[in-house]
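Engineer: Residue numbers (the working numbering): 7 to 243.
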Ligand SMILES: Nc1ncnc2c1ncn2[C@@H]1O[C@H](COP(=O)(O)OP(=O)(O)O)[C@@H](O)[C@H]1O
Ligand SMILES: [Mg+2]
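The structure is reproduced here in C-alpha cells:
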C-alpha cells in the first residue's frame with residue numbers, strides 16, 4: 007500500500023480545472039518529484055494534499071485512510087507537512103519563533119527539542135541566526151527556515167514547493183544535500199515540486215511531469231531525465 011495515493015484528483019478554481027483527473031502515489035521512504043512549467047498545477051496539487059484546497063472530485067488516501075475531506079490541521083496531525091512556495095515566513099518574528107510555529111499541535115516537548123536539534127544539525131546557519139528576525143535573512147536562509155518549520159511538525163510526508171526558487175546556486179546545492187539527508191537519515195517520504203526539473207529529477211526516486219493540469223509522464227527520476235520529450239521541454243537539451 008502506498009503512503010499517499012491520489013485517484014482521479016480534480017482541483018478547480020471556480021470554472022478553471024487547475025488539476026484534472028490525476029493519479030499518483032508516493033511509497034514510504036521515497037522522494038517523488040513533481041515537475042512542470044509555471045501554471046502546470048504543481049502548487050495546486052500540494053495544496054489539495056495538505057487540505058488548503060478541497061478537490062472537486064477524486065480521492066486522496068494517506069496510509070490507507072481517506073483524507074479527501076479532512077481539514078488541514080487534521081492532516082498535519084496525521085503526518086503531512088508543507089513548506090509552501092515563496093516560504094511564507096513571519097518576517098517580523100525571530101527564526102526560532104518561526105520554527106516553533108511549525109510545532110503547533112506537537113504535544114511533546116521532547117519531540118520539539120529533538121526536531122530543533124535535527125534542524126540545527128541540518129542547517130547550522132539557521133542555528134547561528136535563530137535570534138534574528140526571519141525577514142532579515144537571505145532568501146536561501148529563509149528557505150532553510152521554511153523547510154525547518156515544516157519539519158517541526160515531525161511529519162511522515164514532507165512536501166516542498168519550489169525550494170530552489172530564486173536562490174543562489176551554492177545554497178541550492180546545500181538545500182539539495184539537506185533534502186537527501188532528510189530522506190536517508192530519517193527515511194522520510196518527500197514530495198519535491200520544482201521548476202528546476204534537472205535538480206528534482208536527480209534527487210527523485212520516482213517522478214511525474216505535469217502539463218496543463220495533467221500528468222504527461224511518470225517513471226523513475228532517471229527515466230524522466232533520459233526522456234527526449236522531458237529533455238526538450240524542461241531540461242533545455
Ligand atoms: N488562487 C487562484 N485563483 C485562480 N486561479 C489560480 C489560483 N492559483 C493558481 N491558479 C491557476 O491554476 C493553474 C495552476 O496553478 P499552480 O498550481 O499555481 O501552478 P504551478 O504551481 O505548477 O505553477 C494556473 O492556471 C493558475 O493560473
Ligand atoms: Mg507553484
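We put the CB at the ideal spot given by N, CA and C, even for glycine.
Regarding residue 48 and ligand 2, is the C-beta to nearest heavy atom distance less than 7 Å?
Structural biologist: Position 42 of the chain shown, counted from the start, is the residue given in the question as residue 48. Checking every heavy atom of ligand 2 against the Cβ of residue 48, one is found closer than 7 Å.
Engineer: What are the uninterrupted segments assigned as alpha helix (DSSP H) that are 4 or more residues long and contained completely in the segment 122 to 183, given in chain order?
Structural biologist: Within the segment 122 to 183, the complete alpha helix (DSSP H) runs of at least 4 residues are 130 to 134, 145 to 157.
Engineer: With three or more beta-carbon pairs closer than 8 Å as the criterion, would you say the segment 47 to 59 touches the segment 194 to 203?
Structural biologist: The segment 47 to 59 is in contact with the segment 194 to 203.
Engineer: Return yes when the Cβ of residue 9 is within less than 8 Å of the Cβ of residue 25, no when it is not.
Structural biologist: Walking along the chain shown from the start, residue 25 turns up at place 19. Walking along the chain shown from the start, residue 9 turns up at place 3. The answer is no: Cβ separation not under 8 Å.
Engineer: Cβ atoms of residue 156 and residue 164: under 8 Å apart, would you say?
Structural biologist: Walking along the chain shown from the start, residue 164 turns up at place 158. Walking along the chain shown from the start, residue 156 turns up at place 150. Their beta carbons are under 8 Å apart, which means residue 164 touches residue 156 by this criterion.
Engineer: Using only the heavy atoms of ligand 2, determine whether one of them is closer than 7 Å to the beta carbon of residue 91.
Structural biologist: Along the chain shown, read from residue 1 onward, the residue named residue 91 stands at position 85. Yes, the beta carbon of residue 91 sits closer than 7 Å to at least one heavy atom of ligand 2.
Engineer: My guess is that residue 138 and residue 100 are in contact by the Cβ rule of under 8 Å, so how many angstroms apart are they, rounded?
Structural biologist: For this step, residue 138 is matched to residue 132 along the chain shown. For this step, residue 100 is matched to residue 94 along the chain shown. About 6 Å; that satisfies the 8 Å criterion.
Engineer: What do you reckon, is the C-beta of residue 45 under 7 Å from a heavy atom of ligand 1?
Structural biologist: Looking up residue 45 in the chain shown gives position 39. Residue 45 Cβ: within cutoff of ligand 1.
Engineer: Please go through the segment 58 to 133 and give each complete beta strand (DSSP E) segment of 3 or more residues, from N-terminal end onward.
Structural biologist: Counting only runs of 3 or more, we get 63 to 68, 86 to 89.
Engineer: Can you tell me the Cβ-Cβ gap for residue 3 and residue 126, rounded? I've got them flagged as a contact below 8 Å.
Structural biologist: The structure shown does not extend to residue 3, since the chain is modelled only from 7 to 243, so the question has no answer here.
Engineer: Hey, would you say the C-beta of residue 34 is under 7 Å away from at least one heavy atom of ligand 1?
Structural biologist: Your numbering for residue 34 matches position 28 in the chain shown. False, no ligand heavy atom lies under 7 Å from that Cβ.
Engineer: Pairing CB atoms from the segment 199 to 216 with CB atoms from the segment 40 to 49, are three or more of them under 8 Å?
Structural biologist: A contact exists between the segment 199 to 216 and the segment 40 to 49.
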